[in-house]
Amino acid sequence: MSSTDTRPARQTILVTGATGAVGRHLVDTLLARGASVRALTRKPEDADLPAGVDVVAGDLGDASTLGAEVFEGVDRVFVFPARGIDVFLDSAVGAGVRRFTVLSSLAAAMEFPRDRGSASQLHHSAVEAAVTGRTDAWTILRPGTFANNLLEWRWQISSGAPIRAPYLSSAQAPVHEFDVAEAAAETLLSDEYLGQTIAITGPQAVTRAEQVATLAAAIGREIPLIEITADEFRSEMAQFIPQPIMKMLLDYWSDTATTPDRVRPVTTVTGKPGRTLAEWASDHRKDFGA
Ligand SMILES: NC(=O)c1ccc[n+]([C@@H]2O[C@H](COP(=O)([O-])OP(=O)(O)OC[C@H]3O[C@@H](n4cnc5c(N)ncnc54)[C@H](OP(=O)(O)O)[C@@H]3O)[C@@H](O)[C@H]2O)c1
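For the sequence shown, the residue numbers in my numbering are 15 to 304.
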């Protein structure tokens, strides 16, 4: 910038969770839109982020790892909802960060009795409160269920083993991680969404049976699917799924068997239609061994 240039110095956006599913696409989107991006990760050596990103080491839950270089020149932050985030937020506010976009969850809206006291609601409400209690300059994103949750079936689908699942007629509106990322980018780059809490889902409610059929179409082969009862699921998966998560999942599927997920289009933020589950499945064919 020349000495007569009156433009403000370009500010840096700090992306936490930058090596995650949402974070990677957020980094790509911000770079493509000309932003200066810093990425926080616990393992910079494994981060594999694009050239042009300033990768810094740090743990969101450990203030001793958050050196001055993490926040230097940083104007705004994308907050990944890690546990123990308070120490990170104190450091950020103390270092002069002015605004925050928070990755939360639709569970924090407590729209349904099942949400109140669920594992996701308790965690995400605490993260939201940690941010809104420290600053007025925030945007909260509340995505519904991620399409990425279908990666739980990666092993069965890759190996040809049958999927055993309950509530196959329940209908959810899974959201593509790219749509969450692009909504986050918009809120970081525009002042329009300050003080707003934004719910986001995928563009359609799709039954669990249709979700499996969509994956099958994307990989070009049938996926054997067996409907089991909630009790069978509970006993088969008890050793893999902690009890609070088990309850949350079964309550969600049970409720959405009678009341499908309501769609909250990402279009209101990104101006683009939300990606369909078929698009997500196509983007993830390799994850399922195709
Ligand atoms: N699954 C759903 O249906 C759903 C619905 C609504 C909201 N959500 C929210 O979305 C989150 C998942 O997002 P995602 O899929 O993008 O994540 P992801 O792919 O699981 O990646 C997790 C990211 O968080 C970072 N991270 C975790 N703990 C950290 C810490 N202590 N310090 C620094 N970085 C840390 C990891 O970075 P490093 O390993 O590189 O340090 C990694 O980049 C969930 O945890 C939940 O809060 C999920």
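Ideal Cβ positions, reconstructed from N, Cα and C, are used throughout, including at glycine.
Check your understanding: Taking three-plus beta-carbon pairs below 8 Å as touching, is the stretch 194 to 201 in contact with the stretch 222 to 234?
Key -> no
Practice item. Pair every Cβ in the stretch 127 to 135 with every Cβ in the stretch 204 to 219, then say whether three or more of these pairs are closer than 8 Å. Key: no
Exercise for review: Taking all protein chains shown into account, decide if ARG222 is buried (16 or more other Cβ within 10 angstroms of its Cβ) or exposed.
Suggested key: If you number the sequence shown from 1, residue 222 lands on position 208. With 16 or more other Cβ atoms within 10 Å, it is buried.
Exercise for review: Could you check the C-alpha separation between ILE171 and ALA140 for me, to the nearest Å?
Suggested key: Here residue 171 is taken as the residue at index 157 of the sequence shown, counted from 1. Here residue 140 is taken as the residue at index 126 of the sequence shown, counted from 1. The alpha-carbon atoms of ILE171 and ALA140 are separated by roughly 36 Å.
Exercise for review: Using 8 Å as the cut-off, classify the Cβ of SER119 as near or not near the heavy atoms of ligand 1, replying yes or no.
Suggested key: Along the sequence shown, one-based indexing puts residue 119 at 105. SER119 Cβ: within cutoff of ligand 1.
Exercise for review: State the Cα-Cα distance for the pair THR243 and THR215, rounded to the nearest angstrom.
Suggested key: Numbered from its first residue, the sequence shown carries residue 243 at position 229. Numbered from its first residue, the sequence shown carries residue 215 at position 201. The straight-line gap from Cα to Cα measures roughly 27 Å.
Check your understanding: Cβ-heavy atom distance between ALA61 and ligand 1 below 8 Å?
Key -> As a working note, residue 61 is residue 47 in the sequence shown. It does: the Cβ of ALA61 is within 8 Å (strictly closer) of some heavy atom of ligand 1.
Check your understanding: In three-state DSSP terms, what is ASP205?
Key -> Position 191 of the sequence shown, counted from the start, is the residue given in the question as residue 205. Note: ASP205 maps to coil in three-state DSSP.
Exercise for review: Using only the heavy atoms of ligand 1, determine whether one of them is closer than 8 Å to the beta carbon of ALA96.
Suggested key: For this step, residue 96 is matched to residue 82 along the sequence shown. Correct: ALA96 has its Cβ closer than 8 Å to ligand 1.
Review point. Nearest-angstrom Cα distance between VAL93 and ALA271?
Key: For the purposes of this step, residue 93 is taken as the residue at position 79 of the sequence shown. For the purposes of this step, residue 271 is taken as the residue at position 257 of the sequence shown. So the alpha carbons of these two residues sit roughly 33 Å apart.
Exercise for review: Could you tell me how far apart the beta carbons of HIS138 and ALA161 are, in whole angstroms, since I believe they sit closer than 8 Å?
Suggested key: For this step, residue 138 is matched to residue 124 along the sequence shown. For this step, residue 161 is matched to residue 147 along the sequence shown. Not a contact, Cβ separation roughly 19 Å.
Point to revise | Buried versus exposed call for ILE212 [16 or more other C-beta atoms within 10 Å across all chains shown] | key: Residue mapping note: residue 212 aligns to position 198 of the sequence shown, counting from 1. It is buried - the Cβ of ILE212 has at least 16 other Cβ atoms within 10 Å.
**Study point:** Stretch-stretch touch, CB-based, cutoff 8 Å, three pairs: the stretch 83 to 97 with the stretch 23 to 33
**Key:** Enough Cβ pairs lie closer than 8 Å, so yes.
Review point. Under the three-state reduction of DSSP, which class applies to ILE255: helix, strand or coil?
Key: The residue labelled residue 255 in the question sits at position 241 within the sequence shown. DSSP places ILE255 in coil when its eight states are reduced to three.
Review point. So LEU155 and ALA198 are in contact, right, with Cβ under 8 Å, and what is the actual spacing, rounded?
Key: Translated into positions along the sequence shown, residue 155 becomes position 141. Translated into positions along the sequence shown, residue 198 becomes position 184. Contact flag correct, Cβ pair sits at about 6 Å.
Review point. CB of LYS261 to nearest heavy atom of ligand 1: below 8 Å?
Key: If you number the sequence shown from 1, residue 261 lands on position 247. If you check the C-beta of LYS261 against ligand 1, you find no heavy atom less than 8 Å away.
Practice item. Could you name the residues of the same chain whose beta carbon sits closer than 6 Å to that of ILE259, not counting the 5 residues immediately before and after it, in chain order? Key: Within the sequence shown, numbered from 1, the residue matching residue 259 stands at position 245. Contacts found: ALA133.
Check your understanding: Taking the C-alpha atoms as reference points, what is the distance between ASP265 and PRO157?
Key -> Here residue 265 is taken as the residue at index 251 of the sequence shown, counted from 1. Here residue 157 is taken as the residue at index 143 of the sequence shown, counted from 1. Taking the straight line from one Cα to the other gives about 18 Å.
Practice item. Please list, in chain order, all residues of the same chain as LEU182 whose beta carbon is under 6 Å from its beta carbon, the five residues on each side excluded. Key: Here the question's residue 182 lines up with position 168 in the sequence shown. For LEU182, where only same-chain residues beyond five positions count, the Cβ hits under 6 Å are ARG222, ALA223 and GLU241.
Exercise for review: State the Cα-Cα distance for the pair PHE254 and VAL29, rounded to the nearest angstrom.
Suggested key: Within the sequence shown, numbered from 1, the residue matching residue 254 stands at position 240. Within the sequence shown, numbered from 1, the residue matching residue 29 stands at position 15. C-alpha separation (whole angstroms): 31 Å.
Practice item. State the DSSP-derived secondary structure class of ARG21, mapped to helix, strand or coil. Key: Taking the first residue of the sequence shown as position 1, residue 21 is located at position 7. Here the model assigns ARG21 a pLDDT of 40, short of 50, so the residue's position is not dependable and the matter cannot be decided.
Check your understanding: What residue range is occupied by the uninterrupted beta strand (DSSP E) comprising ARG299?
Key -> Numbered from its first residue, the sequence shown carries residue 299 at position 285. First-last for ARG299: undefined, no H or E at that position.
**Study point:** Heavy atom of ligand 1 within 8 Å of SER132 beta-carbon
**Key:** Stepping through the sequence shown from its first residue, residue 132 is reached at position 118. SER132: no, Cβ never under 8 Å from ligand 1.
Review point. Using DSSP with H/G/I as helix, E/B as strand and the rest coil, what is SER16?
Key: Taking the sequence shown and counting its residues from 1, one reaches residue 16 at position 2. With a pLDDT of 37 at SER16, under the threshold of 50, the modelled position of that residue is not reliable, and no figure is offered here.
Exercise for review: Report the residue ranges of all beta strand (DSSP E) runs contained in full by the stretch 44 to 93; include only those spanning at least 3 residues, in chain order.
Suggested key: If one requires a minimum length of 3 residues, the beta strand (DSSP E) runs lying completely within the stretch 44 to 93 are 50 to 55, 68 to 71 and 88 to 93, in chain order.
Review point. Roughly how many whole angstroms lie between the Cα atoms of LYS300 and GLY34?
Key: As a working mapping, residue 300 is identified with position 286 in the sequence shown. As a working mapping, residue 34 is identified with position 20 in the sequence shown. Using only the alpha carbons, I get a separation of about 17 Å.
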